[in-house]
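Residue numbers (the numbering used here): 1 to 121.
No residue lacks a Cβ here, since even glycine has one placed at the ideal position from N, Cα and C.
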């Protein structure tokens with residue numbers, strides 16, 4: 001079973017995404033900011049981190065930087081989501097998947113599968 005860590009400071013979004021991904025058969029971990037996400041990753045390494053961009057304590061870019069700097073997390077795929085224009089983010093992080101909030105649930109699931117398939121491939 002593939003594990004997805006969902007990171008978002010908006011509790012309603014966090015719970016909705018977690019429920020949706022569980023219904024799709026994924027093991028789901030949650031965190032409300034980047035520091036908490038790193039704590040969860042130390043407990044159980046996810047296959048995918050789905051992170052919001054703007055959060056308190058440790059935001060999406062800082063979380064990604066920490067994940068990429070840690071050799072034990074090199075296998076972890078990361079996907080970003082933000083209410084800001086993600087086209088600029090795609091240029092800063094080539095090859096990384098981004099979702100523009102609000103997003104369609106079907107698009108989210110398609111991107112999650114794509115991120116996990118890319119990890120396998």
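Asked                                                                                                                           : Found
Could you please give me the residues that DSSP links to residue 54 through a beta bridge?                                      : Note: residue 54 sits in no beta bridge, so no partner.
Return the first residue and the last residue of the beta strand (DSSP E) that residue 81 is part of.                           : 77-82
Does residue 27 come out as helix, strand or coil in the three-state DSSP assignment?                                           : strand
Should residue 121 go down as buried or exposed, given a rule of 16 or more other Cβ atoms within 10 Å for buried?              : Any reading at residue 121 must be qualified, since the residue scores a pLDDT of 45, below 50, and its modelled position is unreliable; the value itself is stated next. When all chains shown are included, residue 121 counts as exposed.
Got a sec? Which residues, its chain only, sit under 7 Å from residue 9 by beta carbon, not counting five neighbours each side? : 32, 33, 52, 55, 56
In the DSSP assignment, find the beta strand (DSSP E) that holds residue 5 and state where it starts and stops.                 : 3-7
Cα-Cα, which of 65, 2, 36 is closest to residue 21?                                                                             : 2
As a quick exercise: from 116, 113, 78, 68, pick the residue whose alpha carbon is nearest that of residue 98.                  : 78
From the DSSP output, in three-state form, read off residue 44 for me.                                                          : coil
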